[in-house]
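Everything below concerns the one structure shown next.
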Amino acid sequence: MRPSPRTLLLIVLASTVALQAAALQAADAPKITYTEHIQPILREHCFACHNQGKATNDLALDSYERLRKGGASGPSVAPGDPDNSYMLSLITHKDQPNMPPNSGKIADAKIELLRKWISAGALKDSGSKVEAKKPSLNLAMKSGAARPEGPPPMPEHLCRQPAVYTPRPAAITALAASPWAPLVAIAGQRQIVLYNTDSSELVGVLPFPEGIPYVLRFSRSGKLLLAGGGKAASRGLAVVYEVRTGKRLFQIGDELDAVLAADINASQTLVALGGPQKVVRVYNVADGSLAAEIRKHTDWITAVEFSPDGVLLATADRAGGAGVWEAGTDREFYMLEGHKMAVTAMSWRDDSNVLATASEDGAVCFWGMENGQKIKNINAHPGGASTIQFLHDGRFVTGGRDRLLKLWSPDGGQIRALEPFGELVLKVAATHDGQKLLGGDWSGEVRLASADNGKILSRLAANPPTLETTLQSAQAAAAQTKAAAEQLAKESAAAQAQFDAAQKLLNDKRQAAKTAADAATAAAQSAARAAAEKMEFDKSQAKAK
Amino acid sequence: MSQSILASFLFLAVAASAHAATARLDIYPNDVQLRTNFARQRMVVVATRPDGVTEDVTAKAKISLADGRIARIENSTVYPTADGQTKLQAQYDGQTAMTNMDVQNFAAARPIGFRTDVMPVFMRAGCNTGACHGSARGKDGFRLSLFGFDPEGDHFRLTRELGYRRINLAQPEESLLVQKSIGAVPHTGGKRFDATSEYAKTLLDWLQAGAPNDASNVPTVESVDIFPRELLLEGAGVKQQMIARAHYSDGSQRDVTNLAVFYSNNDNSAAVSPDGVVTAANRGEAFILARFNTKTVGSQALVLPAGLNYAPPTVPPANYIDELVNAKLQKLRILPSDICSDSVFLRRATIDITGVLPSDEEYRGFLDDKAADKRAKLVDRLLSQKAFAEIWAMKWAELLKVKSNLQASYKSIYLYANWLTEQIANNVPLNQIVRQLLASRGGTFSTPPTNFYQVENDTLKTSENVAQVFMGVRVQCAQCHNHPFDRWTMDDYYSFAAFFSQIGRKEGEDYRETIVFNSGGGEVNHPIGGRAMPPKFLGGAMADCNGKDRRQVLADWLTAPDNPFFAPSVANRVWAHFFGVGIVEPVDDIRVSNPASNPELLQRLGRKLVEYNYDFKRLVRDICLSQTYQRVTQTTASNEADQRNFAHGRVRRIQAEMLRDCVSEVTETKDKFRGLPLGARAVQIADGSTSDYFLETFGRSPRETVCACDVRSEPTLSQALHLLNGDTVQAKIRDGHLVPRLLAEKKSPEEIVKILYVRTLSRDPDAAELAALKKMLEGQPKPVEALEDIFWGLLNSREFCFNH
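One line per chain: the protein sequences are A and B, in this order. For what it's worth, our numbering labels the leading residue of the first sequence as 800, then goes sequentially. For what it's worth, our numbering labels the leading residue of the second sequence as 18, then goes sequentially.
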């Protein structure tokens, strides 16, 4: 039965109204603006101290322009970036001094509104447009360190006998992935262990008789491996190996305590190192002479890295101090202020424009080399971030006390985290092609995982067994498989014999059956002929009468 | 001829004493339980001579096991070899001693534990002391909690704080923790122990096991024994091995001689090596302490010189005080000084009990009195005077910080002081006074004892003050870490402070008055972990404060007759007033490592105070009538070195307020202090902030803290100068007109001199003094000036300013 015209009309009207309502809603999605939404909140809670007449700490919030200008502590909001907006962190009590002071926290709904307002660009009024975002971390990446010519530098026929075998590995003190080859170096006890990251096979062991390596770095070309370390409280130095041959090319430095941080510059002319002596020493590779000493640090040197373009040297210490210097000199370029607790690791992005630092306060910070200012701050690992490494494409990988290894996109969003390690993650790396991630933890476990889905591909031993053990177990495995093969061969032969016997029986039976069938056929044929002859005879007899 | 006989006699005498018989033999410990194959027990055998001298005869005694299968002995240490029970016997010089031994589970292994095995190594090796890694910032970034108050944090810092540095689980012997301790690499703290020592082995075993943390319920140390408990060593160089044994919460025992930290509080007499070997040195007494975990225990060690000639005195003791003091003196082989003369006693007692000097009449009367019990009668008369209550009210006011300031108004302080004086003058038992103070509520005007909570607002400080004033115990150290030399832990500290966390204060109608009430809510949180601490009596059990005013619960506990802290500490303070030094000194620092010079005396006085229902007047009477109190201050050859055992009297400077009153009294002048009428005495001043130059110079307590040390009696240049040139003495002599009055009464200069001597020094001048002064007076045209000069001289003399 068709609906009456009246009903139809109603339906149409209703849907029109609905459509209009939807359209209205879409058009009406209110912009959160300073004049309409934010000013009343600030008036109630903040103007008493932060107005243009009284501007406590030079901050006035009663005018949009003054608000954007900020105060003595810097800008109050970062449009589009609520996590980095100082005002928001003070009113959420994430930072001190809590605002408003001596009062309870502002209502959550109001804080949420402020957060949304900042996210949307901190608009002034309904006529404002969102400002273009300041250049942030997410620049299109142009590779800063160029890939060298020739095949990827891999070790060729290195000895794989470990210098020391220990049943249990120690905490992973250093981990480095070659920038251009599928190779990873892992620090062990008096040795450096090299694995092929494509096959997870052990490809070599480099002896480090001076003690334990606490820092491993491939040169930017991938052809050299620098190992810094030594014996704690006794001796420290840096050794450079040629990756292809495993040869020790030279050693540098003579510290009174183990070297904890070291790097070699891209042109392979300078080596910088440092440790508990609180001094960074930069040496000339050519003759081992001291090029510069940096004495500005007040605590143990925990990280040292030359920028990929070789212009700058970044250093950091256990008290949270970090600085950038003109490479090869002790002239300060920038002091990077901000970390309150120890800086545990640093990494340069390939374009040499951004330096990342990881700290025990859980944050990973990014510093721009245009002005030495902090670009971004991520609370990467609550409890303490231990390590950070940039990949060639601008992604970066971090690890921390929360036992997680995390992969991040170039603009600071977390892509994924691996399933938790058994202990705190100490060192991380990523393979040259950005396809695989490596992480080492306090228990000595080193994992190789896929960057695409986080699946663990293999575990690499920092304490590989001795060649004797490998030989023994290989021999035992060979003997075992040989025995198994022999057993199977025997069984197969037996089975074959059985099969042959059965086959013969079958043939015999078939033959007998065929013979019987033939006989039956012949008999039947002769019976039929006899019957036919009888019938004919009978017919002829009947005819004859 | 006679000389050789004498010589041989002496030789025999010496020889005889060298082989004096053993009166008893002791073997320590006297019961031993060994569990698991880890257990062992060091043994010590001590022989005691008839005269009480002890000797370590472990090496000389014959030690044997009844059943040799159960255990074996090596180097004086017993190791279990099979389950079972047996006896260990020691034989020496005709005496025997026995120990019961019980071995169970001897084959069982005992896994190494962080708290049970590794932490004690840090304590023993000195790693976590305040001078080293136990300091607030640690050393070069490596911090351990002071004396191990935070094992969880220590485990984290050792293993994971710098995950690459301090330990190496692949090659444990390469761990920096081990390398530095054994001196294999440079260590500012030096080599702490040998690579072959059991301490290194403990660390290595722990590292080889993977540096594990403990499971949650690890047995805790409940108590520690130290043996032997008393030593009496004769001769310098004599040695005694000490042993320490711990009792755990799971019932097990453990020989911790190798893990305890030993120290002596008097190395001059007896020093102790880190391994617990005491070596006697100079004559004196020392307390040998052993600390393990959070427990500190001690043994008394007395050292006598060899070849001492001593015969105990034969004078019978006057009362229990003398019995106990004499017993200690006998142990020390010290002879006490003689009893003082009447005039000395009169002056001493009058100053100590009433804070003034005896008048001429009192002096003559006492000296002329022939009654046998005149000293007792004098003491009773003095005790009945109001001045006695005023002095003690003043002494308590010093401890209770009775002083007006921005917090406490003058009016409330005035009322507070008056209330205190009234209570003491009315003989209210001390425990009742204290109970009223602690549980007080109401307005500071209407209920003066509430001022106790107005002069101190902070919860933690209030609890520290209560412990220090009423228990004589300083728990301040335990606010931040376990007390280094005493039994108090942070837990003890915060759970005691919990009694004072529910005090409410508000302003009264009069803005100067504060209303103190029980707020019923508020907790104290432990700084590590933040848990709320339920109230627990200091050194006692958990308190049931459900629905009650916590302060009332505390007050009841503190003032109960069986409370072990209150009565002895009060008795000690009373004692210190009369002797210048307490049985425990300082009087508000009773701790294990600061033991009483005579523990039996202290306990007895405490019990007596309870017996007297906290009427300390009766205790004062006992003290003043003892021979100990009445000894002269002159020393003898036997006791000249004694400072703490009351073998002789002590010269003590008269306290500021009483000195002022004495000066006013002898010069017949009147002082005007705020809040008091003209002629009142300085001991009656209610408010701590009312003072003047004289009183401050002579060390009047500023009443800023509850410490007994706020009252100062050290000599200063200002004091000497003020007496010499200041206006107190000179002005008072002049204004009092004593000398002109006496001259007007037609007394001769010689008579006046005698009067002045009696007034100021409570004695007549002797012949030499009189002759010299007469000579000085001769030919003086104005005797007034000369006599006033003599008066001035007397007031400036030490004999006047000191109680002797």
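Think of the CB as a built atom: it goes at the ideal place given N, C-alpha and C, for glycine as much as any other residue. All values reported here derive from a predicted model rather than from experimental measurement.
Distance between residue j and residue i (C-alpha atoms, nearest Å)
| i | j | result |
| --- | --- | --- |
| E1222 of chain A | S316 of chain B | 48 Å |
| V876 of chain A | F1132 of chain A | 28 Å |
| G1199 of chain A | A1184 of chain A | 4 Å |
| L363 of chain B | T116 of chain B | 57 Å |
| M559 of chain B | K553 of chain B | 4 Å |
| E1169 of chain A | S512 of chain B | 57 Å |
| L432 of chain B | S421 of chain B | 11 Å |
| R648 of chain B | P616 of chain B | 21 Å |
| F1220 of chain A | R1202 of chain A | 5 Å |
| T367 of chain B | D397 of chain B | 11 Å |
| S1088 of chain A | L1217 of chain A | 44 Å |
| R988 of chain A | G1010 of chain A | According to the sequence as given, residue 988 of chain A is Gln; it is not Arg. Q988 of chain A and G1010 of chain A: Cα-Cα distance of roughly 7 Å. |
| T714 of chain B | G557 of chain B | 42 Å |
| E439 of chain B | Q471 of chain B | 20 Å |
| L1048 of chain A | K208 of chain B | 38 Å |
| Q851 of chain A | E526 of chain B | 42 Å |
| K941 of chain A | A1283 of chain A | Unreliable placement is indicated for K941 of chain A, whose pLDDT of 35 sits below 50; the coordinate value is still reported in the next sentence. Cα-Cα distance, rounded: 56 Å. |
| V1042 of chain A | P954 of chain A | 5 Å |
| P1107 of chain A | A153 of chain B | 41 Å |
| N563 of chain B | D355 of chain B | 58 Å |
| V255 of chain B | A288 of chain B | 11 Å |
| G943 of chain A | W1124 of chain A | Unreliable positioning characterises G943 of chain A in this predicted model, as indicated by a pLDDT of 41, which lies under 50. A coordinate reading is not provided. |
| Y96 of chain B | F279 of chain B | 24 Å |
| T650 of chain B | H821 of chain B | 6 Å |
| D377 of chain B | L734 of chain B | 32 Å |
Chain-ordered neighbours of residue i on chain A, where CB pairs are closer than 7 Å
| i | result |
| --- | --- |
| P203 of chain B | A1032 |
| G180 of chain B | A970, L1223, L1225, W1241 |
| N185 of chain B | A969 |
Where residue i meets chain A, residues with beta-carbon distance less than 8 Å
| i | result |
| --- | --- |
| L838 of chain B | For residue 838 of chain B there is no data in the structure shown, the boundaries of chain B being 18 and 821. |
| K197 of chain B | A1032 |
Proximity of residue i and residue j at Cβ, strictly below 8 Å
| i | j | result |
| --- | --- | --- |
| V273 of chain B | T133 of chain B | no |
| V1196 of chain A | I971 of chain A | no |
| S918 of chain A | P881 of chain A | yes |
| L349 of chain B | V451 of chain B | no |
| I607 of chain B | V598 of chain B | no |
| R491 of chain B | F596 of chain B | no |
Beta-carbon separation (whole angstroms), residue i vs residue j, contact threshold 8 Å
| i | j | result |
| --- | --- | --- |
| V1004 of chain A | P1264 of chain A | Actually they do not touch by this definition, with Cβ atoms about 11 Å apart. |
| S1158 of chain A | Q1188 of chain A | Wrong, their Cβ atoms sit about 15 Å apart, outside the cutoff. |
| L693 of chain B | I702 of chain B | 7 Å |
| L555 of chain B | A484 of chain B | 6 Å |
Proximal chain B residues relative to residue i, where beta-carbon distance stays under 8 Å
| i | result |
| --- | --- |
| R1117 of chain A | G158 |
| N850 of chain A | Here the premise fails: no neighbours, minimum Cβ distance about 34 Å. |
Contact list for residue i against chain B, beta-carbon separation under 7 Å
| i | result |
| --- | --- |
| Y1013 of chain A | Y181 |
Chain-ordered chain B contacts of residue i [CB-CB under 9 Å]
| i | result |
| --- | --- |
| Q1188 of chain A | Per Cβ cutoff of 9 Å: no residues; Q1188 of chain A is ~17 Å from chain B at best. |
Under 9 Å by beta carbon: chain A residues contacting residue i
| i | result |
| --- | --- |
| R177 of chain B | A970, R1200, E1222, L1223, W1241 |
Point to revise | Members of the segment 1242-1256 of chain A that neighbour chain B once the beta carbon cut-off is set at 9 Å | key: S1242, G1243
**Study point:** Under 7 Å (Cβ pairs) to chain B, residues found in the segment 944-977 of chain A
**Key:** T965, R967, P968, A969, A970, T972
Point to revise | Contacting positions in the segment 879-907 of chain A - beta carbon closer than 8 Å to chain B | key: none
Practice item. Please list the residues of the segment 986-1010 of chain A that have a C-beta atom closer than 7 Å to any C-beta atom in chain B, keeping them in chain order. Key: Q988
Check your understanding: What residues in the segment 205-238 of chain B have a beta carbon less than 8 Å from any beta carbon of chain A?
Key -> G227
Review point. In chain order, what residues of the segment 1077-1097 of chain A put their CB closer than 7 Å to some CB of chain B?
Key: none
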